[in-house]
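Below: one structure, written as structure tokens.
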Amino acid sequence: MATRGPLRDEDPLVDLCLADLRDALGLATSRGTWLDSVLRPLARRFAGTVRQFDDRVDTIGLAAASIWLMQGLAGGLRVDGSAHIPANGPLLVLANHPGMTDTTALFASLHMRADLRVIALDRPFLRAMPHVASRLIFASGQGPSRMRTVRAGIEHLRQGGALLTFPAGAIEPDPVAVGAGPAVDALAGWSSSFALWVRAVPGTRVVPAIVGQVVSAQALHHPLTRLRTGEDNRNKLAAALQLLWRPYQALPARVAFGAPIALHAHRSADMRQTILARASALIEAAATDTHEPPAGLRY
0 MATRGPLRDE DPLVDLCLAD LRDALGLATS RGTWLDSVLR PLARRFAGTV
50 RQFDDRVDTI GLAAASIWLM QGLAGGLRVD GSAHIPANGP LLVLANHPGM
100 TDTTALFASL HMRADLRVIA LDRPFLRAMP HVASRLIFAS GQGPSRMRTV
150 RAGIEHLRQG GALLTFPAGA IEPDPVAVGA GPAVDALAGW SSSFALWVRA
200 VPGTRVVPAI VGQVVSAQAL HHPLTRLRTG EDNRNKLAAA LQLLWRPYQA
250 LPARVAFGAP IALHAHRSAD MRQTILARAS ALIEAAATDT HEPPAGLRY
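Heads up, the sequence shown is in numbering that gives the first Met the number 0, so the first residue is 0 and it goes up one at a time.
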């Protein structure tokens, strides 16, 4: 992957990436110690890639920039079911969230929707990428903040736009890396709040999306991860190892879209169960598909 050269330390992305590295290693309180001199070059390198990605979003668009990033941080991208994505009209994509490159894999997979906007938690890391941030609708807190997010989503759908959201609101198991069981179980945590958007814009098509193979099973089972206690902490360390060790990035990410669901065809109360059933089927298919073509971009 070509880079724009190392970032200066005053770029906020460097400190944000450094903080994430410390946290992944369980050394969040080590700021300002000798360890920073070891980790900072690694943080600077990754921050440079992120900054170049954001620059490319401005010059070539979100989808093309995401394809570029997937070529650098994964073994490409495999997409199934892209015919289920309508070329225009209000669209709500509900996706699982295994982390790593899942979001950029979805950005690239939804290249046919230049009007894509994404519901995202308000984080300093995302705010530090202004061109990416311009494509996001930030969600934070409850009460008035939450309602602003809902209203922004409704307005975008009313204009015929495409909206991507992660109903779990948290990291979920990768169905390819850990198997179908845990990934299907995690669907129980999917929020039903998407119904607010669908009821407000009845013509909205709802499409389930499942992302897999963005987390390296080898990284998850690396002996170093045993140094961390708690599954979340072990997963953070595995993610850091995957970003730092190129062989863990060899396999292509996989995205699968299900058939669209229209509100007029399902009662609102039944729609969640229909979506979860289709998402479960996509997870089972992803977990049992052992055929892997050569790395690259496939739609």
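Ideal Cβ placement from N, Cα and C applies to all residues, glycine included.
Expressed to the nearest angstrom, what Euclidean distance is found between the alpha-carbon atoms of residue i and residue j?
i	j	result
P11	L262	43 Å
R157	P174	33 Å
R43	D14	8 Å
C16	S29	14 Å
L109	S81	8 Å
H18	A27	Rather than His, the amino acid found at residue 18 in this sequence is Ala. Spanning the two alpha carbons is a distance of roughly 7 Å.
A347	M270	Because the chain spans 0 through 298 in this model, residue 347 falls outside it and cannot be assessed.
T228	E154	43 Å
V177	I260	28 Å
S190	S36	42 Å
P246	R225	20 Å
F256	T32	46 Å
F52	P143	32 Å
F124	L275	30 Å
R147	R126	18 Å
T58	F45	20 Å
D114	A63	14 Å
A249	G71	10 Å
L38	W67	25 Å
D79	D54	28 Å
G47	F193	35 Å
D288	D101	18 Å
E9	R145	33 Å
Is residue i near residue j, with beta carbons less than 8 Å apart?
i	j	result
N95	A218	no
P251	A107	no
S65	T103	yes
M69	L76	yes
L24	L41	no
V149	L135	no
V92	L195	no
V382	H130	Examination of residue 382 is not possible in this model, given that the chain is present from 0 through 298 alone.
A138	A169	no
V197	L105	no
P222	R277	no
Which whole-angstrom value describes the C-beta separation of residue i and residue j, a residue pair presumed to lie in contact below a C-beta threshold of 8 Å?
i	j	result
A199	L90	Contact flag wrong, Cβ pair sits at about 14 Å.
Q241	M99	7 Å
A216	G188	In fact, because the Cβ distance is near 22 Å, the residues do not count as touching under 8 Å.
G202	N87	No, G202 and N87 are not in contact; Cβ-Cβ is about 11 Å, not under 8 Å.
M128	V49	7 Å
Please list, in chain order, all residues of the same chain as residue i whose beta carbon is under 6 Å from its beta carbon, the five residues on each side excluded.
i	result
A258	H83
K235	A23
D121	F137 and S139
W244	none
P85	R204
Got a sec: does the ligand SAH put a non-hydrogen atom nearer than 7 Å to the Cβ of residue i?
i	result
P123	Among the components modelled here there is no ligand, and therefore nothing to report on the ligand SAH.
Among the residues of its own chain, which have a CB less than 7 Å from the CB of residue i, if the five just before and after it don't count?
i	result
A179	I282, E283 and A286
F165	A94 and H96
G152	I118, I136, L162 and W196
R233	T224 and R227
H220	none
L34	L26
Using C-beta distances below 8 Å, list every residue in its chain close to residue i, excluding the 5 sequence neighbours before and after it, in chain order.
i	result
P293	Because P293 sits at a pLDDT of 46, beneath the cut-off of 50, its placement in the model cannot be relied upon, and the point is left open.
D231	I170
A185	N95, A167, E171 and P172
A239	D19, L20, A23 and L24
Q) How do the segment 273-284 and the segment 207-221 stand: do at least 3 beta-carbon pairs fall below 8 Å, yes or no? A) yes
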